[in-house]
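Reading through the structure tokens given below for one structure.
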Amino acid sequence: MKLFSIILLFAFNSIQSQNFEGELIYTAKMDGYVIYKSDTLKFKDLKDKMIQKGEYFDSLNIKINDLGYVKKINNGKNETVILNFNKKKKYIITENELTVDDLNFRNIYNRQLGADYSHNEIIELTQNDTIIKFNNTEIKANRITVKKKYSKEIYLISHDFLKLPVKRNILISEDNQIYDKEVEDLIGSNLILKYTMTTTLLGYMIVDIELSKIEQKEIPISYFEIPKHIEDKELKKINKDSERFKFYKIVN
23 MKLFSIILLF
33 AFNSIQSQNF
43 EGELIYTAKM
53 DGYVIYKSDT
63 LKFKDLKDKM
73 IQKGEYFDSL
83 NIKINDLGYV
93 KKINNGKNET
103 VILNFNKKKK
113 YIITENELTV
123 DDLNFRNIYN
133 RQLGADYSHN
143 EIIELTQNDT
153 IIKFNNTEIK
163 ANRITVKKKY
173 SKEIYLISHD
183 FLKLPVKRNI
193 LISEDNQIYD
203 KEVEDLIGSN
213 LILKYTMTTT
223 LLGYMIVDIE
233 LSKIEQKEIP
243 ISYFEIPKHI
253 EDKELKKINK
263 DSERFKFYKI
273 VN
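Per my numbering, the sequence shown starts with residue 23, numbered consecutively.
Encoded structure:
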């Protein structure tokens, strides 16, 4: 099985079982269809709609160190996600705006958001050890299989190849899906080599995200600088709520 290529093969022994600092590049493939109002929306049309919403991407570039990670998502929106591990804050930066998500004040696991996510409950969770071989180098891996009512997810994670500086599923967005704490606990700080998800909730969809390149190098702190000129949506909301509170006190 062709899993991934690595550009620093000579550094295998030096990064084994150490906290990793450097750059990870993942490639993504998506295919499928959805059934919409008795019509079948083929993947070409579905892809166009996903691109418009910023949900489609074909690659992820992740720079990570002890401070946090910077994730550039090739989704047509020129979107960058910066997650600061110490402050527990996530910044989503596009050309036009900055959104701040303070992870200190909410539970990112199993969020309901007023909707019914019962179909997202785990029905079966299994794991088994396996060996990945590439370029005459064997890597111990763990295959995690997650079955739900309408979906199946498979994570292939490294066992002792290298450790990330945080126990976190770095591939999954916090915005539009429910987290599985049980899965993230199993992933821990291990590197995700491959992620596959199939769902039949609204038709059929398959997503494959695969590590294609890894480079150990120093990540300058400048990558984590937040643009000052972009409007902070969270700050705007706080100011608006503050003004409403002042008005409420005046009229009452």
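For each residue, glycine too, the CB sits at the ideal point set by N, CA and C.
Start-to-end residues for the alpha helix (DSSP H) that takes in residue i
i      : result
Ile194 : Premise fails: Ile194 is in no alpha helix (DSSP H) and is neither H nor E.
Leu208 : Lys203 to Ile209
Cutoff 6 Å; reference residue i; Cβ partners in own chain excluding five residues on either side
i      : result
Asn41  : Lys185 and Pro187
Glu45  : Lys85 and Glu237
Lys189 : Gly210 and Ser211
Asp70  : none
Asn191 : Glu206 and Ile209
Glu175 : Val168 and Met219
Ile115 : Thr102
Helix, strand or coil at residue i according to DSSP, with G and I counted as helix
i      : result
Lys69  : helix
Tyr172 : coil
Asn132 : With a pLDDT of 47 at Asn132, under the threshold of 50, the modelled position of that residue is not reliable, and no figure is offered here.
Ile144 : coil
Leu46  : strand
Leu186 : coil
Gln199 : Interpretation of Gln199 is limited by its pLDDT of 41, a score under 50 that renders its predicted location unreliable; no figure is taken from the coordinates.
Beta-carbon proximity of residue i to residue j, cut-off 8 Å
i      : j      : result
Asp53  : Ile228 : yes
Ile241 : Val205 : no
Tyr78  : Asn97  : yes
Leu215 : Leu193 : no
Lys169 : Ile145 : yes
Leu82  : Lys75  : no
Thr102 : Asp80  : no
Ile47  : Lys239 : no
Tyr113 : Ile248 : yes
Asn87  : Glu143 : no
Lys111 : Val122 : yes
Cross-strand partners of residue i (DSSP beta bridge)
i      : result
Lys75  : Lys75 pairs with nothing; no bridge assigned.
Asn41  : Lys185
Tyr55  : Tyr226
Ser180 : Ala163
Glu232 : Thr49 and Lys216
Residues near residue i by beta carbon distance below 7 Å, same chain, minus five either side
i      : result
Gly90  : Ile104, Leu105, Asn106, Phe107 and Phe246
Ile57  : Leu224 and Gly225
Ser180 : Ile161, Ala163, Asn212, Leu213 and Leu215
Lys64  : Tyr55
Glu117 : Asn100
Thr148 : Thr167
Leu178 : Ala163, Arg165, Leu215 and Lys216
Met72  : Tyr78
Leu125 : Lys110, Lys111 and Lys112
Own chain residues within Cβ distance below 8 Å of residue i, not counting five before or after
i      : result
Tyr172 : His141, Thr221, Thr222 and Leu223
Residue span of the beta strand (DSSP E) that contains residue i, given as start and end
i      : result
Ile241 : Taken as a continuous stretch (DSSP letters only), Ile241 belongs to no beta strand (DSSP E), as it is neither H nor E.
Asp123 : Leu120 to Asp124
Asn83  : Ser81 to Ile86
Leu105 : Glu101 to Asn106
Lys112 : Lys111 to Ile115
Ile214 : Ile214 to Thr221
Ile95  : Gly90 to Ile95
Near the ligand HEM: residue i beta-carbon under 7 Å from a heavy atom
i     : result
Gly90 : Within the structure as shown, the ligand HEM is missing, as the structure has no ligands at all.
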